[in-house]
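For the sequence shown, counting from 1, position 179 maps to 179 in UniProt numbering; every step adds exactly one. Glycine included, each C-beta is placed from N, C-alpha and C at the ideal position.
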Amino acid sequence: MADTEESGRKYWLMKAEGEPRIVKGINVAFTFEMLENITNEGKMESWSGVRNYEARNMIRDQMSVGDYAFLYCSNCKFPHIRGVMEICSNPHPDDSCWDPNDPYYDPKSTKEKPRWYSVGVQSRYPLKRSVTLRELKLHLNGKLSQMSMLNRARLSISKVRQEEWDFIHQLAELPEPGEVQEAREKEDQKERKKRDRRVEDDGKEDSKQKKSKSPYNAAAGDDDTSLNTIKQSRIKECNIKTSI
């Protein structure tokens with residue numbers, strides 16, 4: 001749950017891609033589970049790739065060490081909040097924009113005049129269960145009527161008010177609403193039908209060879225070595241200077 005407002009901590013929602021997408025040979029998907037693995041290894045993730053000026057200004061001018069943020073997975077069938085991460089470094093120029101091989105390379109940003117900024121983040125705790133966008137929208141006329149993410153869906157970073165932060169934690173403690181479960185089951189049925197059609201078209205033996213072992217293989221191919229280094233160019237050791 002959130003601390004009191006007197007603590008000075010601010011709350012955010014930061015979006016990452018929840019489904020595999022290959023850009024310049026790198027899978028740019030990023031989930032809370034990935035962040036947990038990075039944190040367990042004693043590292044921080046440099047939250048790079050923000051290329052919207054309003055979101056950049058939030059990082060550069062408003063975020064502070066100790067702030068908390070929901071990690072929100074977008075660009076997937078069921079966009080959702082899975083867990084909480086902490087801002088653990090001061091804002092600094094986003095070095096991903098200087099690397100021509102990086103998916104978020106921007107030749108107009110220079111080291112002398114950096115255009116984009118990032119912060120270091122580490123996982124803090126998962127929610128008891130994921131809270132989907134569909135579920136959040138059920139409360140648009142209630143507790144979440146003013147939530148920035150619901151009213152300005154295109155922003156990759158948005159502020160979260162303390163009462164919204166607390167309410168979403170409360171939702172995660174409750175069973176998932178029936179209508180959300182029904183929607184998920186319908187999507188699962190569609191996927192099963194698609195798989196069945198592929199089996200009929202390709203033949204049973206051929207379909208076994210093509211069947212992916214994970215969603216990452218499904219997107220990039222079983223032999224894609226880039227999946228072993230997802231966003232490795234932007235994983236930083238915990239040596240960025242911080243202040244509290």
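Nearest-angstrom Cα distance between residue i and residue j?
i, j, result
"residue 247", "A153", "What is shown of the chain runs 1 to 244, which leaves residue 247 out entirely."
"R92", "Y53", "The sequence given here has His at residue 92, not Arg. Taking the straight line from one Cα to the other gives about 15 Å."
"A172", "D201", "41 Å"
"W47", "K111", "18 Å"
"R192", "K15", "29 Å"
"G8", "H169", "19 Å"
"A64", "M85", "For the record, residue 64 in the displayed sequence is Ser; it is not Ala. Going from the Cα of S64 to the Cα of M85 covers about 13 Å."
"V121", "N37", "12 Å"
"S109", "E176", "44 Å"
"K43", "D196", "42 Å"
"G83", "Q189", "27 Å"
"G25", "D99", "14 Å"
"residue 245", "Y72", "Here the chain comprises residues numbered 1 to 244, so residue 245 is not present and cannot be evaluated."
"L155", "K113", "24 Å"
"A69", "R198", "40 Å"
"Y104", "G203", "40 Å"
"A183", "F167", "23 Å"
"E185", "N27", "27 Å"
"K159", "E41", "29 Å"
"G66", "N90", "10 Å"
DSSP three-state label for residue i, please.
i, result
"N217", "Summary for N217: the model assigns pLDDT 39, below 50, so the residue's position carries little reliability, and this model does not support an answer."
"L174", "coil"
"A16", "strand"
"S7", "helix"
By a C-beta neighbour count over all protein chains shown, 10 Å radius and 16 as the cutoff for buried, is residue i buried or exposed?
i, result
"G221", "Confidence at G221 is low in this model, with a pLDDT of 42, below 50, so the placement of that residue is unreliable and no value is reported for it."
"V23", "exposed"
"R56", "buried"
"K10", "buried"
"N239", "Bear in mind that the predicted position of N239 carries a pLDDT of just 44, short of 50, making it too unreliable to give a figure here."
"Y125", "exposed"
"M149", "buried"
"L140", "exposed"
Relative to the C-alpha of residue i, which candidate in the options has its C-alpha closest?
i, options, result
"F78", "E19, V28, P126, M34", "E19"
"E164", "K137, E17, M34", "K137"
"R134", "Q170, R197, I81, F167", "I81"
"Y117", "I157, L140, G25", "I157"
"E179", "D102, T132, G25", "T132"
"M58", "S109, L13, D95, Y104", "L13"
"K144", "R161, T39, L35, K128", "The residue asked about is misnamed: residue 144 is Leu in this sequence, not Lys. The residue with the shortest Cα to Cα distance from L144 is R161."
"R60", "Q181, R115, A69, S148", "R115"
"A29", "E17, N101, T39, L35", "E17"
"R129", "Q146, E33, K186", "E33"
"S96", "V119, I87, S74, D67", "V119"
"C88", "N101, S123, D106, L174", "S123"
"V50", "G66, L35, D102, E41", "D102"
"D94", "E45, E185, E182", "E45"
"L174", "A183, N151, L127", "L127"
ask   = What are the start and end residues of each continuous beta strand (DSSP E) run of 3 or more residues lying completely inside the region 29 to 90, in chain order?
value = You should have 43 to 46, 68 to 74, 80 to 87.
key: Complete beta strand (DSSP E) runs within the region 117 to 198 (minimum length 3 residues, chain order)   = DSSP runs (the beta strand (DSSP E)) wholly in the region 117 to 198: 120 to 132, 157 to 159.
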